[in-house]
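Take a look at the structure below.
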Amino acid sequence: MIFKRLNYQTLQSLRLQGYNILLAIGRAEDENPIYFPMKLDSFNSSTSNFESDDAPTFQGKKILILDEAIQRSLNHDLNGIIQLDN
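So the mapping is simple: this note's numbering equals the position in the sequence shown, first residue as 1, plus 7.
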């Protein structure tokens, strides 16, 4: 496993690899969450309606939409790390 900081460059690289969401491995309220990148074929970020500052959750896990995370990373408004497989 490889761990990388959640930053603009890492997020751009993930987008180029076809990932579109990040799912937190720990609890949604963790201050420094560990995210796992995922590809959802039926997901369309242009139709998502996550406009609040609070990240959406799924079964108690925090979800970050990759395109929105990239925009937030430009303002250094993200914290956490990403777990990648070798």
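Cβ coordinates follow ideal geometry from the N, Cα and C atoms, glycine included. In this text, all values refer to a predicted model and were calculated from it rather than measured experimentally.
The continuous beta strand (DSSP E) containing I89 extends over residues I88 to L91. Separation of N82 and P40 (C-alpha to C-alpha, rounded to the nearest whole angstrom) is 18 angstroms. Between G87 and the set L23, D74, M45 and L30, the nearest pair of CA atoms involves L30. Looking at the DSSP output, I28 sits in a beta bridge with M45 and I72. Remark: C-beta atoms of L18 and I77 approach each other more closely than 7 angstroms.
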